[in-house]
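Here the working numbering is used: position 189 in the sequence shown is 310, and no number is missing along the way.
A virtual CB, placed ideally from N, CA and C, is assigned to each residue, including glycine.
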Amino acid sequence: MRSGPGNRTWVDEIIHHPAILDAVEDLIGPNIRLFHLSVWPKNAGDPAYVSWHQDATYFGLEPAVQVTAWVALTEASIDAGCMEVIPGSHKLGQLDHAERANAKHNLLSRGQTITVDFDRSQTAFMPVSAGQFSLHHTRLVHNSRPNRTDDRRIGLGLSYIPTEVRCTSKTRLSAMLVRGTDAHGNFDDEPRPQVDFGDAERTAHADAVARFRASNAEQIRRYEPSP
Numbered sequence: 122m123r124s125g126p127g128n129r130t131w132v133d134e135i136i137h138h139p140a141i142l143d144a145v146e147d148l149i150g151p152n153i154r155l156f157h158l159s160v161w162p163k164n165a166g167d168p169a170y171v172s173w174h175q176d177a178t179y180f181g182l183e184p185a186v187q188v189t190a191w192v193a194l195t196e197a198s199i200d201a202g203c204m205e206v207i208p209g210s211h212k213l214g215q216l217d218h219a220e221r222a223n224a225k226h227n228l229l230s231r232g233q234t235i236t237v238d239f240d241r242s243q244t245a246f247m248p249v250s251a252g253q254f255s256l257h258h259t260r261l262v263h264n265s266r267p268n269r270t271d272d273r274r275i276g277l278g279l280s281y282i283p284t285e286v287r288c289t290s291k292t293r294l295s296a297m298l299v300r301g302t303d304a305h306g307n308f309d310d311e312p313r314p315q316v317d318f319g320d321a322e323r324t325a326h327a328d329a330v331a332r333f334r335a336s337n338a339e340q341i342r343r344y345e346p347s348p
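Below, the structure is given as structure tokens:
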């Protein structure tokens, strides 16, 4: 599923950049789809933050094999609010989360936050300079702090999956094949943008977003059943 900027041809070039895909292939194999794209902006002095969470929550992917390339469009230093992670926490499995949609300044759309205790004594920051990227597992526990610098901090989150991964939602999702072939057919194909925000690109984007939101709602009901 692409966010709005995913309809830009220059963003599509980043999605398909060989340096990124080569690194992702080393981790998940040669047949790769882009499952999700997100933009992470923090203005200078912005109190915006990201709560402790795991990306896998509410995605409903099975197996949970997903790697996110966090691509820095501007400097993402510690002071600018780069990612802070718990090394090795992807081995903990899926942790309980709860929605906190009214959490002020939380960049996560649903404010999802881990609700169980975990060891925060060995956190590590993942600063990246403009043009660099980092990789993290979908179940890695991470957050990010506010931007305390005088410059904007902007990054792209590109979430890749091997083609054998499927979504457990009843809603059929779309995803872009970015390398290799797909012999599994678990997702409908998303086309690459040919122009910036053309009619066909807008239509494909609207369709992908509608599907993703429907799937996300299913996963929330499954993960956090009503009392």
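| query | result |
| --- | --- |
| Within 8 Å, strictly: CB atoms of S94 and D328 | Lying before the first or after the last residue shown, residue 94 is absent from the chain, which here runs from 122 to 348. |
| Local conformation of R287 per DSSP, three classes | strand |
| Cα-Cα separation, F180 to S290 | 9 Å |
| Where the beta strand (DSSP E) containing N337 begins and where it ends | Per DSSP, N337 belongs to no beta strand (DSSP E); it is in the alpha helix (DSSP H), D320 to Y344. |
| Expected contact under 8 Å - CB spacing of E196 and F246 to nearest Å | The pair is not a contact, with the Cβ atoms about 13 Å apart (cut-off 8 Å). |
| Exposed unless 16 or more other CB atoms sit within 10 angstroms - verdict on D143 | exposed |
| Those runs of the beta strand (DSSP E) which lie wholly inside the region 243-275 and span at least 3 residues | 245-247, 254-258 and 263-265 |
| Contact belief for S230 with W191 at Cβ below 8 Å, rounded distance in angstroms | About 17 Å separates the two Cβ atoms, so there is no contact after all. |
| Buried or exposed by the 16-neighbour rule on C-beta atoms within 10 Å, applied to P283 | buried |
| Distance CB(G278)-CB(S172) smaller than 8 Å | no |
| Residue burial classification, W161 (beta-carbon count within 10 angstroms, cutoff 16) | buried |
| Span separating the alpha-carbon of H257 from that of V316 | 30 Å |
| Run of the alpha helix (DSSP H) containing A169, from where it starts to where it stops | That residue, A169, is in no alpha helix (DSSP H); it is neither H nor E in DSSP. |
| Delimiting residues of the beta strand (DSSP E) encompassing V160 | I153 to K163 |
| Anticipated Cβ contact below 8 Å, T189 with P314, distance rounded | The pair is not a contact, with the Cβ atoms about 21 Å apart (cut-off 8 Å). |
| S259 vs Q175 beta-carbon contact at 8 Å | According to the sequence displayed, residue 259 carries Thr and not Ser. Contact flag set, yes. |
| Distance between H157 and E311 (C-alpha atoms, nearest Å) | 11 Å |
| Span separating the alpha-carbon of D303 from that of C203 | 34 Å |
| Straight-line Cα distance separating L261 from V186 | 12 Å |
| Other residues of its chain near I153: CB distance less than 8 Å, five sequence neighbours each side excluded | L142, V145, E146, Y281, I282, P283, T284, L298, V299, R300 and G301 |
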